[in-house]
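Following: one structure in structure tokens, then a few remarks.
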Amino acid sequence: GGRIMSLLLMAGAWWFGLQVARHLLKETDRALAAALGAGLGLVGFLLLVNLVGYWVPPRVGAVLACALLVAMGLLLARRTPPAWEKPLLERPALLFVVGLSLLMGLYCTLAQNLNIDDDYWIHAPLQGIMCRSGLPAHHPFFPDIKLHGHYGRDLLIASMASLGGTTQGWQIGLTSVWTMLAWILLVLTLRRSIGATEPALAGALMVFFGIAVGGRGGALDTFQNNNSLVHVLMVLVLFLIERTWRGGDPVVAGLCGACLGSLAIVYETHFGLLSMVLLAGGLLGPRSSLKRRLGRVALALLVAGLLAISQGGVFTGLVKRGGPTNEVEMTQHQTVRLRFPKRNFGCVRLGYGGFQRMSYARRWLARPRTVPAGGNFYAPIWSLEVLQLHWFATWLAPLSAIFLWRRGQWLAGGYWLFGLFAYTVPGVVDFGPVFEFEYFRWQYAAGLGFACALGVVVGLLWRDGARPRRLLVLLILMLCLGPWLSTFAPPVWRAARSYPLAMVSWSGPYWLRENGYRVQIDRDDLSMARYLRQVSQPGQRVLVDFPAGGGWDIYYESTFHAIAGLFSVGHSLPEPGDPVGFFPYRAGSSTRAFWANPSLERLALLAPDWVLFRPGPMVGEQTLEQLQALPELEEVKTVGELHLFRARVQPLEAHLSEEQVPLRLGGVQTPDGLQAGHTYPAVVKLQNSGQEALPAGSLLAYRTPLAGQPLSLIDVVVFRLDSELPVGGSARIEIPLAVPYAQGQRFVFFYQLVGQEFRPIPGAASLWVASPD
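Here is the structure:
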């Protein structure tokens, strides 16, 4: 029933978009009107769900948004639309486009069912949480961190799943449909703009198969994460931009601005690039209509800008300013900082690995003689280090520009401008310590824009009919499309023969059957996650003994919380030496100390609503018995070796202070051979040099910070003074010592909790941390 309701909502949104395409855009081709309707319906639904999602639950928000869209569609339907005209595509071309779109859908479904998305670790739990908790978006592993990045796709998936089905199932289905829609919409919008079928097909084929930037072949194999939705919105917005340039009325300009503004919460990169394309094209057009054209452009930019700064996401964060300044925290907040001109002007910061450093197509022709140097350095945007990331679409971009300018191709020229800005902007603007490292998304976008432009050029050359030109066209197409067909197609064919069901299954359970071993989750975990979803409240937090041996271990909790729809607690922020954007897979010191020796004070600092015990690397031999002995924990469910507890504890809220207390550190006794990331029993000796006795039950704490690591209470370990410490006396206190993950010499600092302040105890203990076995 829930899935049917979701499909009805999608149909309602599409119907609204169809009315907009027919009555406001005056579209007279049935296929293009239907494709535009799907894209416009997506935009309308996303904007409204994002608007009402702050005040109503996701399920209500989805229904309300669709109801508003249908109401607006009914108002538009009262008008008389223009008559249908002859189809843009002849029957053979239409059959080719539809048939290839179906193959694309099968490919995307197959690839998703047999693989895990690049950023699955954060998108999967975020979708599960948003499905229950709605907006604003918070970090799944740091519930107090409000996200400033792009969450539009996650919001759409969560809105659908809130009515029925799993977020993973909806993600697979919607991603496949969006990829098909992007292909159809691209062909038809190019056909409408150019007036010919051959260049429209060639431009679309180049976009989906001929980009060849780094390890990406084209838009077809770049569907993961947000990309499929981004491709739909990009094609839609560029079409509306062309209509705005070429004399569309103010309604079209406003519609262009609304669609462009929606991109701000889907992919901020493309929002900025398309805004520049809109302005640049307005300035470059014929002088005779410059004033009116710039007026329409200004209206579109005004609408888009108002949406971008008010609806949440990166640009809202930029306007509000403030927020974290530490690189580690900025990564988790997804914070952007702009600086123009950048210090390394004309250069981009390159990353690691051949995938992001050299076009895979070079290996198709011949084994390259040079191997890209190590990453994390700046290189000029016109240097070989950057150009070798690209292929012919980028290398021939100057010639494409000249040809398109002479032919007066507005839409293809818009794609070329998109590629130009994507290639040059990261060389002149610094986006902060986090997104400065995200150069590959810009390079891929550049390749996409240039690929479409080159495809239109070769299609127009083919139409000219001269034999030498057609031979040149065939050579270019072979060089651009051949690498994809020879590199990506064979493994896809083999996978399709081995897993035929994976091509047609839009099912979360099927995906789990194929990928359960990768996410380290079994039937008991799934059963417990589903039970938690039933008995918990939206926004609650769960403490799990999660695996923390390596970055990919975070997939367990990503999957668990995607199903339960709850936040995780207990993770430590990535360390300063970790790569930018690395998974926060490590357990905080307080978490490891709690699992080694559960206590009320450590539970209060973590402040979970639920505690899930599962045999893992952090638990001690007596951990389960100690948990069952805590009166603040009520055991409510047992599945196999999993034990679920409901926590009723007053959160311990405190902050670090610089005011010292009259205690002295007498030393710390630890076992020999401390290994990074392990927890050991230790003894700390404290002396009271103050004027008053320290009563029994006083709370003390320690932390082992790294230089440059931001303060986080998750890395503060609290312990209790068992007996009174008289004036001038000393005490030996047993503590669980959570050894830092970083190796080498480390220092332990101790504190006393006074009121809501952790006040430092003078002195520090030194540890030597060895690498784990």
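Residue numbers 4 to 776, in the numbering used here, belong to the letters of the sequence shown in order.
All C-beta atoms, glycine included, are put in the ideal place defined by N, C-alpha and C.
Residue closest to residue i, alpha-carbon to alpha-carbon, out of the options
{"i": "GLY693", "options": "PRO729, LEU677, GLU624 and GLY213", "result": "PRO729"}
{"i": "ALA114", "options": "LEU423, GLY623, LEU54 and SER501", "result": "SER501"}
{"i": "PRO84", "options": "THR31, MET107 and PRO61", "result": "THR31"}
{"i": "SER265", "options": "GLY568, GLN314 and VAL664", "result": "GLN314"}
{"i": "ALA65", "options": "SER104, SER165, LEU27 and LEU106", "result": "SER165"}
{"i": "VAL797", "options": "ARG749, LEU689 and LEU609", "result": "For residue 797 there is no data in the structure shown, the boundaries of the chain being 4 and 776."}
{"i": "GLN543", "options": "TRP408, ARG62, ARG526 and GLY568", "result": "GLY568"}
{"i": "ALA734", "options": "LEU310, LEU716, VAL751 and ALA699", "result": "ALA699"}
{"i": "ALA207", "options": "ILE197, TRP87, ALA454 and GLY167", "result": "ALA454"}
{"i": "GLY552", "options": "ALA68, GLY288, ASP147 and SER774", "result": "SER774"}
{"i": "ARG195", "options": "SER292, LEU91 and VAL100", "result": "LEU91"}
{"i": "ALA632", "options": "VAL306, ALA596, HIS658 and ASN600", "result": "ASN600"}
{"i": "SER489", "options": "LEU423, TRP408, ARG365 and GLU727", "result": "ARG365"}
{"i": "SER291", "options": "LEU159, ILE312 and TRP248", "result": "TRP248"}
{"i": "LEU117", "options": "LEU716, LEU103, LEU515 and GLY747", "result": "LEU515"}
{"i": "LEU78", "options": "GLY102, LEU105, GLY511 and HIS26", "result": "HIS26"}
{"i": "SER177", "options": "LEU627, LEU305 and LEU158", "result": "It is worth fixing the name first, because residue 177 is Leu in this sequence and not Ser. Of the candidates LEU627, LEU305 and LEU158, the one whose C-alpha sits nearest the C-alpha of LEU177 is LEU158."}
In DSSP terms, what residue i is bridged to
{"i": "GLU637", "result": "ARG649"}
{"i": "HIS126", "result": "Its beta-bridge partners do not exist; DSSP assigns none."}
{"i": "PHE753", "result": "TYR705 and ILE764"}
{"i": "ALA590", "result": "HIS574"}
{"i": "ALA734", "result": "LEU689"}
{"i": "PRO383", "result": "CYS350"}
{"i": "LEU747", "result": "Checking the sequence shown, residue 747 turns out to be Gly, not Leu. VAL772, per the DSSP bridge assignment."}
{"i": "HIS818", "result": "Because the chain in this structure spans residues 4 to 776, residue 818 falls outside the shown range and cannot be described."}
{"i": "HIS658", "result": "GLU760"}
{"i": "VAL547", "result": "LEU615"}
{"i": "ASP433", "result": "ARG342"}
Proximity of residue i and residue j at Cβ, strictly below 9 Å
{"i": "ALA456", "j": "TYR426", "result": "no"}
{"i": "GLU624", "j": "LEU606", "result": "no"}
{"i": "ALA531", "j": "VAL686", "result": "This sequence places Met at residue 531; Ala is not what is there. No."}
{"i": "GLU604", "j": "LEU647", "result": "no"}
{"i": "SER179", "j": "CYS111", "result": "yes"}
{"i": "ALA215", "j": "TRP487", "result": "yes"}
{"i": "ASN228", "j": "ASP120", "result": "yes"}
{"i": "LEU615", "j": "PHE145", "result": "no"}
{"i": "GLY308", "j": "LEU297", "result": "no"}
{"i": "ARG220", "j": "TYR363", "result": "Looking at the sequence provided, one finds Gly at residue 220 rather than Arg. For GLY220 and TYR363, yes; Cβs fall inside 9 Å."}
{"i": "PHE380", "j": "ARG342", "result": "no"}
{"i": "GLU201", "j": "LEU420", "result": "no"}
{"i": "ARG723", "j": "SER602", "result": "yes"}
{"i": "LEU702", "j": "ILE736", "result": "no"}
{"i": "GLN755", "j": "HIS658", "result": "no"}
{"i": "ALA24", "j": "ALA36", "result": "yes"}
{"i": "THR682", "j": "ARG749", "result": "no"}
{"i": "LEU798", "j": "ILE197", "result": "No statement about residue 798 is possible, as the shown extent of the chain runs from 4 to 776 and does not include it."}
{"i": "ALA48", "j": "LEU72", "result": "Checking the sequence shown, residue 48 turns out to be Phe, not Ala. Yes, the pair counts as a contact, with Cβ atoms nearer than the cut-off."}
{"i": "GLY1", "j": "VAL389", "result": "Lying before the first or after the last residue shown, residue 1 is absent from the chain, which here runs from 4 to 776."}
{"i": "PHE318", "j": "ALA267", "result": "yes"}
Any non-hydrogen atom of the ligand ADP closer than 8 Å to residue i Cβ
{"i": "ASP675", "result": "With respect to the ligand ADP, the structure shown offers nothing to examine, as it has no ligands at all."}
Practice item. Determine, using beta-carbon pairs with one atom in the region 13-21 and one in the region 35-49, whether at least three such pairs fall under 8 Å. Key: Judged by Cβ distances under 8 Å, the region 13-21 makes contact with the region 35-49, as three or more pairs qualify.
Exercise for review: Report the residue ranges of all alpha helix (DSSP H) runs contained in full by the region 442-506; include only those spanning at least 4 residues, in chain order.
Suggested key: 442-467, 470-490 and 492-501
Review point. Do the region 340-360 and the region 437-446 make contact, defined as three or more Cβ pairs closer than 8 Å?
Key: By the Cβ criterion, the region 340-360 is in contact with the region 437-446, since at least three pairs of Cβ atoms, one from each stretch, lie closer than 8 Å.
Exercise for review: Could you tell me whether the region 752-765 touches the region 659-669, where touching means 3 or more Cβ pairs closer than 8 Å?
Suggested key: yes
Exercise for review: Indicate whether the contact test is met: 3 or more Cβ pairs, each with one atom in the region 670-685 and one in the region 726-740, closer than 8 Å.
Suggested key: yes
**Study point:** Given 8 Å, three or more beta-carbon pairs between the region 120-137 and the region 237-245
**Key:** no
Point to revise | Touching by the beta-carbon criterion (3+ pairs, under 8 Å), the region 182-189 and the region 214-234 | key: yes
Practice item. May I have a chain-ordered list of the beta strand (DSSP E) segments no shorter than 3 residues that lie completely inside the region 666-700? Key: Runs of beta strand (DSSP E) with 3 or more residues, each lying fully within the region 666-700, are found at 666-672 and 682-691, listed in chain order.
**Study point:** Touching by the beta-carbon criterion (3+ pairs, under 8 Å), the region 251-271 and the region 143-157
**Key:** Under the 8 Å Cβ criterion, the region 251-271 counts as touching the region 143-157, having at least three qualifying pairs.
Exercise for review: Count the CB pairs spanning the region 466-485 and the region 496-513 that are closer than 8 Å, and state whether there are at least three.
Suggested key: no
Practice item. Go through the region 6-37 residue by residue and report every complete run of the alpha helix (DSSP H) that reaches 4 residues or more, in order. Key: none
Review point. Is the region 701-710 in contact with the region 560-575, if contact means three or more CB pairs nearer than 8 Å?
Key: Contact between the region 701-710 and the region 560-575 is not established, with fewer than three Cβ pairs separated by less than 8 Å.
Check your understanding: Do the region 574-590 and the region 649-664 touch if we need at least three Cβ pairs shorter than 8 Å?
Key -> no
Point to revise | Within the region 151-231, ranges of the alpha helix (DSSP H) (whole runs, at least 4 residues) | key: 155-164, 170-197 and 200-212
Point to revise | Segments assigned alpha helix (DSSP H), at least 4 residues, entirely inside the region 383-409 | key: 387-390 and 395-398
**Study point:** Length-filtered (4 minimum) alpha helix (DSSP H) runs lying within the region 238-320
**Key:** 253-265, 271-287 and 293-313
**Study point:** alpha helix (DSSP H) runs wholly inside the region 53-93, at least 4 long, in chain order
**Key:** For secondary structure counted as the alpha helix (DSSP H) over 4 or more consecutive residues, the region 53-93 holds these complete runs in sequence order: 61-80.
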